[in-house]
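Here is the structure we will look at, set down as structure tokens.
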Amino acid sequence: MMKSGEQYSSLEMETGETSREEMARRKGKGPIIEAPLIGKGVQKSSEVVVEARGGGVMKRGIAIIDFVMRLFALAAALAATIAMGTTEQTLPFFTQFFQFQAKFYDLPSFTYFVIANAITAAYLVLSLPFSVVTIVRPLAKAPRLLLITFDTIALTLTASAAAAAAAIVYLAHKGNTNTNWIAICQQFDSFCQRTSGAVVASFIAVVLLMLLVVLSTVALKNH
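The letter at position 195 of the sequence shown is residue 438 when you use my numbering, and the numbering goes up by one with no holes.
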């Protein structure tokens, strides 16, 4: 009987040890299952950080291009304003009662052209600090939204002024027999050359402003 009791006790002890070993193994397996999850979380977070840094580098590059293009657009708008605003020509021959003279403010379209391009040039000067902010903080959204809004307004203003002035320049060069518009560029050649150059410079500013709007749109799309 003692032997059978000892056998039962030994079986219980072995069973108890086996169950304790299984419990210990189960407890040991818990952290092993969680470890890969933690590792995956760290890996994903690191991938997000790397992706954010890559996006920031790209946006900084766009912001630098934006700043350079603003300088060129400013130069074009300022050149158009100065060229048109200083345009006048007086013919060397005149009569006792008439003096043949052409000035930009004799035509409302040219006056509007000077005012519009001057406003655009002033705006581009004021926009440069905001463009610098987008370089320093490429992920900032507010400066980019502000720039794209006022860039669109400046684009509309400059394009309308350039188109109106281009129509007058065309009539000055070609005339229009149906409406009795006489071509005056054969007499006022210097006047026509300066106004034509001003219109070309203004259209260059228009193209640059269009590219600025596109760049801002791309930068906002990648946010």
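Where a beta carbon is used, it is the ideal one built from N, C-alpha and C, also for glycine.
Asked	Found
Using DSSP with H/G/I as helix, E/B as strand and the rest coil, what is lysine 384?	coil
Fully enclosed by the region 337 to 378, which beta strand (DSSP E) runs are 3 residues long or longer?	342 to 346
Measuring CB to CB, does lysine 302 end up less than 9 angstroms from threonine 377?	yes
Spatial neighbours of lysine 346 within its chain, please: C-beta separation below 6 angstroms, excluding the five flanking residues on both sides.	Glu331
Could you tell me if leucine 458 is buried or exposed, where buried requires 16 or more neighbouring beta carbons within 10 angstroms of its beta carbon?	buried
Using CA coordinates, which residue listed in Lys464, Ala410, Phe310 and Ala402 is at the minimum distance from valine 379?	Phe310
For glutamine 429 and proline 351, I'd like the C-alpha separation in whole angstroms.	22 angstroms
Any idea what DSSP makes of threonine 399, helix, strand or coil?	helix
Please report how far the alpha carbon of isoleucine 305 lies from the alpha carbon of leucine 369, in whole angstroms.	19 angstroms
For phenylalanine 446, which residues in the same chain have their Cβ closer than 8 angstroms to its Cβ, ignoring the five residues on either side in sequence?	Ala405 and Ala409
What does the alpha-carbon distance come out to for the pair serine 374 and alanine 322?	22 angstroms
In three-state DSSP terms, what is glutamate 294?	Residue placement at glutamate 294 is flagged as unreliable, the pLDDT there being 39, under the threshold of 50; the coordinate-derived value follows with that caveat. Here glutamate 294 sits in helix by DSSP.
Count the other CB atoms, across all protein chains shown, that sit within 10 Å of the CB of valine 300; report buried if there are 16 or more and exposed otherwise.	exposed
Going by C-alpha distance, which of Gly418, Ile325 and Ile307 is nearest valine 443?	Ile325
If we ignore side chains and look at the alpha-carbon of each, how far apart do phenylalanine 353 and valine 449 end up?	17 angstroms
To the nearest angstrom, how far is the alpha carbon of asparagine 421 from that of leucine 414?	12 angstroms
Just to confirm my understanding: we take methionine 312, look at its own chain, exclude 5 residues before and 5 after, and list those with CB closer than 7 angstroms. What are they?	Leu451, Leu454 and Leu455
Looking only at its own chain, which residues have a Cβ that is under 7 angstroms from the Cβ of leucine 317, when we skip the five neighbours before and after it?	Ala364, Leu367 and Val368
For threonine 333 and leucine 314, I'd like the C-alpha separation in whole angstroms.	35 angstroms
Hey, how far is the Cα of asparagine 419 from the Cα of isoleucine 425?	6 angstroms
Aspartate 394: buried (16+ other C-beta within 10 angstroms of its C-beta) or exposed?	buried
Using DSSP with H/G/I as helix, E/B as strand and the rest coil, what is glutamine 332?	strand
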